[in-house]
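Okay, structure first, notes after.
Residue numbers (our numbering): 6 to 153.
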């Protein structure tokens with residue numbers, strides 16, 4: 006029975022990180038179970054994009070009708086973050102502002118080593134999973150709003 010609950014949290018956090026703690030609280034899991042499953046969900050996305058990123062990019066390019074614009078406000082922001090903070094900045098911002106897929110794709114586009122990328126994202130995933138899960142479970146009244 007718990008396996009289905011855990012999978013729900015994992016799947017929610019593979020797409021959007023904050024979905025993990027919210028789903029875990031809604032399903033009545035403990036904060037430690039929620040944090041663990043949330044970090045696992047992000048890491049599934051990170052490992053998938055890191056190791057299958059080139060193949061996915063080739064597939065996307067094959068069906069793309071026109072070339073993407075090189076210089077947009079979004080790409081300029083990404084380059085600014087990369088130049089100022091490097092991989093640590095991208096890993097730090099991935100659970101907060103970027104999605105696990107988007108943050109990993111951004112890091113892969115800057116040609117970061119796979120092992121280093123997975124390590125930084127793992128540290129970020131664990132840290133933010135604990136912080137966000139505790140926030141959802143400890144802020145008075147927040148869990149009650151979610152479980153209604």
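For every residue, glycine included, the Cβ atom is placed at its ideal position computed from N, Cα and C.
Residue i and residue j look like a contact to me (Cβ under 8 Å); what is the Cβ gap, rounded to whole Å?
i	j	result
residue 10	residue 27	About 13 Å; that fails the 8 Å criterion.
residue 30	residue 134	At roughly 13 Å, the Cβ-Cβ gap does not stay under 8 Å, so residue 30 and residue 134 are not in contact.
residue 32	residue 18	Their Cβ separation, rounded to whole angstroms, is 13 Å, which puts residue 32 and residue 18 out of contact at 8 Å.
residue 46	residue 86	The pair is not a contact, with the Cβ atoms about 23 Å apart (cut-off 8 Å).
Quick one: residues in its chain with C-beta nearer than 7 Å to the C-beta of residue i, no 5 flanking neighbours on either side, listed in chain order?
i	result
residue 129	96, 97, 99, 100
residue 36	138, 139, 142
residue 68	none
Near residue i, what residues of its chain come up, given a Cβ to Cβ distance below 8 Å and the 5 sequence neighbours on each side ignored?
i	result
residue 109	50, 51, 54, 55, 58, 99, 122, 126
residue 136	none
Buried or exposed, going by whether 16 or more other CB atoms sit within 10 Å of the CB of residue i?
i	result
residue 8	exposed
residue 65	exposed
residue 104	buried
residue 41	buried
Determine the closest residue to residue i out of the options, with distance taken between C-alpha atoms.
i	options	result
residue 131	62, 39, 144	39
residue 124	106, 66, 93	93
residue 102	89, 88, 83, 46	83
residue 91	48, 111, 79	111
residue 48	106, 69, 144	106
Quick one: what's got a C-beta closer than 6 Å to residue i's C-beta in the same chain, skipping five residues either side?
i	result
residue 113	58
residue 80	none
>> Measuring CB atoms only, is the region 110-123 touching the region 20-40, in the sense that at least three cross pairs come out at less than 8 Å?
In response: Contact check between the region 110-123 and the region 20-40: fewer than three CB pairs, one atom from each, fall below 8 Å, which does not count as touching.
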